[in-house]
Amino acid sequence: MLAVVALVILLGIAFAAGYFTRDLVSRKRRAEARRWREYTEPGWLSAATPANTNKAANTNAPAPPATGELGLMLNRWESRARARRTV
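If you're matching positions, the sequence shown starts at 3 in the numbering used here and goes up one per residue.
Structure representation (structure tokens):
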């Protein structure tokens with residue numbers, strides 16, 4: 003029984019080592035391809051810029067018109083809610 007557990011543990015270690023090696027080789031290959039193509043990271047991909055600030059770019063600009071059935075339905079709901087609030 004102890005031999006079976008040892009074999010399973012060794013198999014797990016070998017499996018993990020294979021994935022680690024594959025990842026390492028892939029990262030090296032991609033880095034080499036980027037150097038070969040003279041890749042430069044675009045400014046919008048930088049980690050310093052926030053991905054989503056939940057703020058509109060221009061707060062004075064009106065919202066774009068709703069398109070599709072869902073947008074029209076949401077506009078109707080919103081206008082009804084506004085009407086109820088003003089009463």
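Glycine included, each C-beta is placed from N, C-alpha and C at the ideal position.
Where R39 falls: helix, strand or coil (DSSP): Working through the sequence shown from its first residue, we reach residue 39 at position 37. Looking at R39 - three-state DSSP - the assignment turns out to be coil, as it is neither helix nor strand.
Within the continuous alpha helix (DSSP H) that includes G45, where are the two ends? Locating residue 45 in the sequence shown gives position 43, where the first residue counts as 1. First-last for G45: undefined, no H or E at that position.
Rounded straight-line distance, which links the Cα of M3 to that of V27: Along the sequence shown, read from residue 1 onward, the residue named residue 27 stands at position 25. Along the sequence shown, read from residue 1 onward, the residue named residue 3 stands at position 1. When only Cα atoms are considered, V27 and M3 end up about 36 Å apart.
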